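*Asks:* Quick note, in this note's numbering, the sequence shown goes up one by one and the last residue is 100.
Using N, Cα and C, we set each Cβ at its ideal position, and we do this for glycine too.
Since the structure is predicted, the reported quantities are computational estimates derived from the model, not experimental observations.
Here's a structure for you.
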Amino acid sequence: MMVESIHPGVERNQVEEATGFKLIMPDFIQATPPPSDPELRLLRGEVDPLRLVIGR
């Protein structure tokens, strides 16, 4: 599995340690972009309206 992006503030080694298996890590890994407003509305309104998983 190849890593395409990492959330801001997360280090490469944290990703690998959390998976339990070896990942393909390119020299440059871009930051994961934040979700758009429509994506957030979908997550908050349809996927998890009670905020049991995603929080606020």
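Spatial neighbours of Pro77 within its chain, please: CB distance less than 8 Å, with the 5 preceding and 5 following residues excluded, ordered by chain position.
*Replies:* Within the sequence shown, the letter at position 33 stands for residue 77. Within the same chain, Pro77 has close Cβ partners Ser49.
*Asks:* Roughly how many angstroms separate the alpha carbons of Glu23 and Asp81, rounded to a whole number?
*Replies:* Look at the range of the chain in this structure, 45 to 100, and you will see that residue 23 is not part of it.
*Asks:* Please determine, among Asp71, Met45, Gly53, Ile73, the residue with the shortest C-alpha to C-alpha distance to Gly64.
*Replies:* Your numbering for residue 64 matches position 20 in the sequence shown. Gly64 has its Cα closest to that of Met45, out of Asp71, Met45, Gly53, Ile73.
*Asks:* Excluding sequence positions up to five away, which residues of its chain have a Cβ less than 8 Å from the Cβ of Pro79?
*Replies:* Start at 1 with the first residue of the sequence shown, and residue 79 comes out as number 35. The residues are Leu87.
*Asks:* Check whether the Cβ atoms of Glu60 and Leu67 sit closer than 8 Å, and answer yes or no.
*Replies:* For the purposes of this step, residue 60 is identified with residue 16 of the sequence shown, where counting begins at 1. For the purposes of this step, residue 67 is identified with residue 23 of the sequence shown, where counting begins at 1. Yes, they are a contact pair.
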